[in-house]
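Asker: Residue numbers (UniProt numbering), protein chains in the order written: chain E, 1 to 346; chain G, 1 to 346; chain F, 1 to 346; chain Y, 1 to 346. By construction, the Cβ of each residue, glycine as well, lies at the ideal position given by its N, Cα and C atoms. As the structure is a computational prediction, the values presented were derived from the model and not from experiment. Structure below; questions to follow.
Protein chains: 4
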Amino acid sequence: MTVHVGILGATGAVGQRFIQLLDEHPTFELAAVTASEASAGKRYAEAAKWRVDTPIPEEIADMEVVETTPEAVPDDVDLLFSSLPSGVASDVEPAFLEDGYVVSSNSSNDRMAPDVPLTIPEINPDHLGLIEVQREERGWDGALVKNPNCSTITMVPTLSALDEFGLERVRVSTLQAVSGAGYSGVTSMEIIDNALPHIGGEEEKMETESRKLLGSFDGAELDLHDADVSASCNRIPTIDGHLENVFAALAEEPDAEEVREAMRSLPGIDLPSAPDQLIHVFGEEQPDRPQPRLDRTTENGMAVVAGGVETTVDGVKYNCLAHNTIRGAAGASILNGELLVEEGWI
Amino acid sequence: MTVHVGILGATGAVGQRFIQLLDEHPTFELAAVTASEASAGKRYAEAAKWRVDTPIPEEIADMEVVETTPEAVPDDVDLLFSSLPSGVASDVEPAFLEDGYVVSSNSSNDRMAPDVPLTIPEINPDHLGLIEVQREERGWDGALVKNPNCSTITMVPTLSALDEFGLERVRVSTLQAVSGAGYSGVTSMEIIDNALPHIGGEEEKMETESRKLLGSFDGAELDLHDADVSASCNRIPTIDGHLENVFAALAEEPDAEEVREAMRSLPGIDLPSAPDQLIHVFGEEQPDRPQPRLDRTTENGMAVVAGGVETTVDGVKYNCLAHNTIRGAAGASILNGELLVEEGWI
Amino acid sequence: MTVHVGILGATGAVGQRFIQLLDEHPTFELAAVTASEASAGKRYAEAAKWRVDTPIPEEIADMEVVETTPEAVPDDVDLLFSSLPSGVASDVEPAFLEDGYVVSSNSSNDRMAPDVPLTIPEINPDHLGLIEVQREERGWDGALVKNPNCSTITMVPTLSALDEFGLERVRVSTLQAVSGAGYSGVTSMEIIDNALPHIGGEEEKMETESRKLLGSFDGAELDLHDADVSASCNRIPTIDGHLENVFAALAEEPDAEEVREAMRSLPGIDLPSAPDQLIHVFGEEQPDRPQPRLDRTTENGMAVVAGGVETTVDGVKYNCLAHNTIRGAAGASILNGELLVEEGWI
Amino acid sequence: MTVHVGILGATGAVGQRFIQLLDEHPTFELAAVTASEASAGKRYAEAAKWRVDTPIPEEIADMEVVETTPEAVPDDVDLLFSSLPSGVASDVEPAFLEDGYVVSSNSSNDRMAPDVPLTIPEINPDHLGLIEVQREERGWDGALVKNPNCSTITMVPTLSALDEFGLERVRVSTLQAVSGAGYSGVTSMEIIDNALPHIGGEEEKMETESRKLLGSFDGAELDLHDADVSASCNRIPTIDGHLENVFAALAEEPDAEEVREAMRSLPGIDLPSAPDQLIHVFGEEQPDRPQPRLDRTTENGMAVVAGGVETTVDGVKYNCLAHNTIRGAAGASILNGELLVEEGWI
């Protein structure tokens, strides 16, 4: 069974990653790439400044870029991935939804809307049920599903594993790669021999999105998890891979090995792009792992990698890592798309 | 008044920084440089691979390196700075102390010994009183004073400012520069396009040293501060300057401006190398500061720079930065030396 | 004697460097800062995103930015420095010249115009005589002087020293710092763990400007030097300091020490910002120097540093380095301004 | 047909790359890994600090490391790859050769010996004939074949393509990645925000090895190519991939497109690890390619990538790039091993 998919905003950094990941996808076939008016009508290879480290797939290079409107996208497209800037997406996505499209979006707008599922397939697939609420409230035929921010998605699987011990409070610091800001988001003058202790809006995203992802859905309403989450976000001179230091206060007192075991045994999901094991965990004999350059491509960049687990007075501290433009962006949207197909929404 | 000083372990990265900082010191005159047996007898310029970004002072270049023993150091030296590896220092420093030398040491051994003052002159100058205890217990004529680890010293002045609001719990993540590991401590293969989430022993140093520095001394015994401190330490691809994200739980509920004001108004000290203002604080209009490359040389690298202050559910979060080989190492020892002179121990 | 100076395009990366260098200048007093219409009327501290590693001088922070027009600049300004983008400069500079201003410009437009002196004060001060030609041909009361491109200025002093051996052919490769492209010129995604083997227009600048600088001026016309110069320009992940590998074919056969001696003994010039020695040269015992991070600030960033001199079959090879935004940009314009004052053009 | 192979010096950076590349080799099966006495007897996973970005193949992780002596290597090993330090290799390799082993070595010793073939299979496979000379002169039963230095191998295929136009003189500057120096060869303090204009011995290797590779073998003696080659070698802050700027003086005057065409049409070779096309060439519409991060893995890191071709007064200038630890080291030795099998030497 082939699902025809399209990419809204296909020429940017995340758009290019979508194309790379979809290149050998078993069921998704790329049938439309959209961009701004200025790029419409051009061959994809002309419209995009291709900067991924594998060649452009030949058939995509020659594909014509169309404008980001429902009219311009071919009718046989069943599923759209969105990597539009959030300002654009908040205008454009509703038009596609009114037109009946199913959209799996990486854009940050509407992630916290009470009727929009924010989903990591292994963590909260049941939240897709919010689509019914959404359709009722908004009168849409389509469906809008969001994946979380790259820094949120790196941490939440590990928090989900900890929740069995009673997750109460989270303090997290991030060491984020420059690719998270897009191709031109961080200048070289800003980051060489330097670090930036602020990423606009990022801390709030981590604090709110994580509580929604870990929240419970009763079929009608979604309750946020009541953990107190506070984040400090930093940009460092790495290309890909967000590394995070987490301090978690817990109700119970598991030892380090119980925490590692809880992470390792967190169930995965049977979808084409899902990793075999969601969280890989380094033991105490390798305290200097995970590292961005060595571990970001674990399971094709779709796994989370943790390590450095140690108990504290009130809980546990540890480090976690994920590939921010794969598991944290394009791969996350594709996985949500696979879940939508699996669950029959497409 | 001129004080003749010597440097134990003068050829390494911190030793070179000592020489650079002492070059134009108003009262300290460098009279002895020691190194391992292999270097003894050589001109300093031959023994050291000079890698600081100012030229070797000419008179030091021609100075003869002597072995690190009390016999080899000239008798008229009044004060010794130590930047020996801790394994060497724990053997060698006692020999100098038995011989009556006053040693201001950057080496990590004995920092937590109950009779050794661990001092930041602006924060806990009264702890020097431990020298009396030390002399009594060890039968030394000299005096041994330690400065804290570079990552500790970056944070503690800000914690000291917060203590008026009832400091209860600290969670801190560090983004540390490679110079903290010495000239060959971190290879380029380890750190380019990467970050290392572990620095051996560093987290424990931050957790224990900070409680000693903030502790109270009653003239006989030193009580550690009872805050719960937990740290995660990371190495990132920067040359100099440690950046730290601090989450502090407080008994009271100051707002962000009260916290900034408490930091800005922390008293300094009147010593030659001390900064005019100990903590510089960026306001909310510059949330992306401090940054290592732009702010590490504030007040010749002797100030701490803070920013990003925001309240949390249980206290406050903020970032702080200091130059790790100046304020965090050689400059810290020199400032302790100035305090020893000022207080009449030399 | 105080000379009132202004900066055209004062808010950009080079503009900020001008302000830093002029801060303690013995005779130049900054009296005007201009920028685009959008910034006019603002305080300088608001208009510029200050990114130099020393604080904004207080009196400049409060200075009002004016538009880049002759009308907006106060009449008592005697000398203007220009760091405008070349596209803007080619429109705006003539207006100032018609109005009688003397402009020392770092902008690349008109550098190769036959009636515009392109000057390095130590190398070709006599080329200032072209101002007479310029005034006659253009009917200007003012005077326009250019300094060369940052990559050219790094190499030309060494070529000038070699010319006594009959300079015939030059092949040069550059390893250029990102600051040469301005604050946002190179993105972090482009340069981390990477190098860019192309800088638009740079190779041609090196090839033509160097021949003009080394050319001879007979009082009426300027003849280009007839050396065959070919350049390959690369951007690498360094902040400041251009390093260059030069292969020079010579008519004579000097040995390496004669070449080093010719470089070291190249005469300097007695101007406030000039280095004591124009070219510092490392000998064969330090083949790994010059290095950007260690050597770029030699003599406050105004010296050229050479090393690695070795003979080849047809001449010599060596490396040279200069600070691209000091000796290669703002400092170069200031030095030309000092020469203009010294020679009585102001 | 399976060939049992071993790796001499299997725990270092190049040794790890050998293991990674051999993991899915169609005919070579890894049967022995050697290291120094200190590592002998350990499991490979314990002896090596694995730092390649794919996991250790499981069966290798458990393999026992043996000492680097002919006695310790199993008798059924047909072919040895050597990535020993050259000082060690010059002692150890002869022992294996006397014992009849065929050794395809990446170590730099003996590369210029007149009876040792220095081979790139696509360029000079006929030089393998030197093995007969070698056996006669040295009385060995085995055979010793060397591949060139990583910086040489990046350039020589392009020079071979140019030779049809009469290659007369080469001036080359390199921008080399840190992995070329081994895991601990370049410290982070040396290279962050910096470049090193010297790599010990590297320039001479490029100058001599390239002339041997391009030389002609008449069945008895090898004549070096008579081009005048001079190199300047630099280390820059990249992980993998050597970028080189070449200036080549030619007897004829091809235009840029003829040069590109000559490079593109250079014949490849039909061996398992050989790339489909030896030299990939970017045209004038992409002057900023090749770039290390984007292009180093072209054809699994076994291709050379060129670009920036422009004519000069006396020939041509261009840039070339190859993956230094794949095409430039482990992959080069493996390809030579494949050639030895193909030609019947094993």
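Out of Gly308/F, Thr187/F, Pro237/F, Glu164/F, which one is the CA nearest neighbour of Glu253/F?
Answerer: The candidate whose alpha carbon is nearest that of Glu253/F is Glu164/F.
Asker: For the UniProt domain "Semialdehyde dehydrogenase NAD-binding" (4-131) of chain G, enumerate the residues whose C-beta is nearer than 9 Å to any C-beta of chain Y, in chain order.
Answerer: Result list: Ala13, Arg51.
Asker: Please decide whether Met206/E counts as near chain F, where near means a Cβ-Cβ distance under 9 Å.
Answerer: Chain F contact via Cβ: absent.
Asker: Tell me the rounded alpha-carbon separation between Thr27/Y and Thr2/Y.
Answerer: Spanning the two alpha carbons is a distance of roughly 5 Å.
Asker: Are the beta-carbon atoms of Met263/E and Ile279/E separated by less than 9 Å?
Answerer: Against a cut-off of 9 Å, the Cβ pair of Ile279/E and Met263/E comes out as a contact.
Asker: Would you mind listing the alpha helix (DSSP H) stretches within the stretch 191-268 of chain F that are 4+ residues and don't spill past its ends, in chain order?
Answerer: DSSP runs (the alpha helix (DSSP H)) wholly in the stretch 191-268 of chain F: 202-213, 256-264.
Asker: Can you grab the Cα-Cα spacing for the pair Glu343/G / Gly301/G, in whole Å?
Answerer: Straight-line Cα distance between these residues: approximately 24 Å.
Asker: For Leu243/G, which of Ile269/G, Ile19/G, Thr152/G has the nearest alpha-carbon?
Answerer: Closest by alpha carbon: Thr152/G.
Asker: Who are the neighbours of Thr238/E on chain C, taking C-beta pairs under 7 Å?
Answerer: Of the protein chains in this structure, namely E, G, F and Y, none is chain C.
Asker: Please state whether DSSP places Tyr183/F in a helix, a strand or coil.
Answerer: Tyr183/F: coil per DSSP, three-state reduction.
Asker: Less than 9 Å between the beta carbons of Ser333/G and Asn124/G, yes or no?
Answerer: Their beta carbons are not under 9 Å apart, which means Ser333/G does not touch Asn124/G by this criterion.
Asker: Could you tell me whether any Cβ in chain E is nearer than 9 Å to the Cβ of Thr297/Y?
Answerer: At least one chain E Cβ lies under 9 Å of Thr297/Y.
Asker: So who's on the other strand from Leu8/F, going by DSSP bridges?
Answerer: The partner list for Leu8/F (beta bridge, DSSP) reads Ser82/F.
Asker: Is Asn324/G near Gly307/G, with beta carbons less than 9 Å apart?
Answerer: Against a cut-off of 9 Å, the Cβ pair of Gly307/G and Asn324/G comes out as no contact.
Asker: Got a sec: is the Cβ-Cβ distance from Leu175/Y to anything in chain E below 9 Å?
Answerer: No, because no Cβ of chain E sits closer than 9 Å to the Cβ of Leu175/Y.
Asker: Identify whether Leu335/E lies in helix, strand or coil by the three-state DSSP scheme.
Answerer: Looking at Leu335/E - three-state DSSP - the assignment turns out to be helix.
Asker: Here's the rule I'm using: 16 or more other beta-carbon atoms within 10 Å means buried, otherwise exposed. How should Ile283/F be labelled?
Answerer: Contrary to the premise, residue 283/F reads as Gly rather than Ile in this sequence. Classification of Gly283/F: exposed, given that the 10 Å Cβ count is below 16.
Asker: For the stretch 124-138 of chain Y against the stretch 210-220 of chain Y, do three or more pairs of beta-carbon atoms, one drawn from each stretch, fall closer than 8 Å, so that the two count as touching?
Answerer: As far as the Cβ criterion goes, the stretch 124-138 of chain Y touches the stretch 210-220 of chain Y, which means the pair count is three or higher.
Asker: Along the chain, where does the alpha helix (DSSP H) containing Thr158/Y start, and where does it finish?
Answerer: Segment 150-162, the alpha helix (DSSP H) holding Thr158/Y.
Asker: Looking only at its chain, what residues have a beta carbon closer than 8 Å to the beta carbon of Tyr183/G, apart from the 5 residues adjacent to it on each side?
Answerer: So the list reads Gly12, Ala13, Lys49, Arg51, once near-sequence residues are dropped.
Asker: Quick one: does residue 355/G have its CB under 9 Å from some CB of chain Y?
Answerer: What the structure shows of chain G is the stretch from 1 to 346, and residue 355/G is not part of that stretch, so it cannot be assessed.
Asker: In the stretch 150-172 of chain G, which residues sit with their C-beta less than 9 Å from some C-beta in chain E, listed in chain order?
Answerer: Going along the stretch 150-172 of chain G in chain order, one finds Arg169, Arg171, Val172 with a Cβ nearer than 9 Å to chain E.
Asker: When the Cα atoms are used, what is the spatial distance from Ser230/Y to Gly41/Y?
Answerer: So the alpha carbons of these two residues sit roughly 45 Å apart.
Asker: So the beta strand (DSSP E) Leu144/G belongs to, where does it begin and stop?
Answerer: Where Leu144/G is concerned, the enclosing beta strand (DSSP E) stretches over 143-146.
Asker: Which residues in chain G sit within 7 Å of His225/E, going by Cβ to Cβ distance?
Answerer: Simply none; closest approach about 14 Å.
Asker: Can you pull the DSSP bridge partners for Thr34/Y?
Answerer: DSSP lists Val66/Y as partners of Thr34/Y.
Asker: Nearest CA to the CA of Gly315/G: which residue from Ala256/G, Ala143/G, Asp295/G?
Answerer: The residue with the shortest Cα to Cα distance from Gly315/G is Ala256/G.
Asker: Which residue comes first and which comes last in the beta strand (DSSP E) that contains Glu310/F?
Answerer: 304-311 is the span of the beta strand (DSSP E), which, as asked, contains Glu310/F.
Asker: Under a Cβ-count criterion, where at least 16 other Cβ atoms within 10 Å of its own Cβ denotes burial, should Ala35/Y be classed as buried or exposed?
Answerer: Counting Cβ neighbours within 10 Å, Ala35/Y comes out buried, since at least 16 surround it.
Asker: Let me confirm a value: Gly100/E is counted as buried when at least 16 other C-beta atoms fall within 10 Å, else exposed. Which label applies?
Answerer: Counting Cβ neighbours within 10 Å, Gly100/E comes out exposed, since fewer than 16 surround it.
Asker: If you run the structure through DSSP and keep just helix, strand and coil, what is His280/F?
Answerer: Of the three classes helix, strand and coil, the one that applies to His280/F here is strand, per DSSP.
Asker: What residue from Glu122/Y, Ser173/Y, Asp115/Y has the CA that sits closest to residue 427/Y's CA?
Answerer: A question about residue 427/Y goes unanswered here, because the residues of chain Y that appear run from 1 up to 346.
Asker: Under 8 Å Cβ to Cβ from Leu340/Y, same chain only, skipping five residues before and after it: list those, please.
Answerer: These residues qualify, in order along the chain: Leu79, Val102, Ser104, Leu128, Ala143, Val145, Ile346.
Asker: Which residues, in order along the stretch 285-315 of chain Y, keep a beta-carbon less than 9 Å from a beta-carbon of chain E?
Answerer: Hits within the stretch, in order: Arg293, Leu294, Asp295, Arg296, Thr297, Thr298.
Asker: Going along chain Y in order, which residues have a C-beta closer than 7 Å to the C-beta of Lys317/F?
Answerer: The contacting residues are Ser230, Ser232.
Asker: Classify Gln176/G as helix, strand or coil using the three-state DSSP reduction.
Answerer: Note: Gln176/G maps to strand in three-state DSSP.
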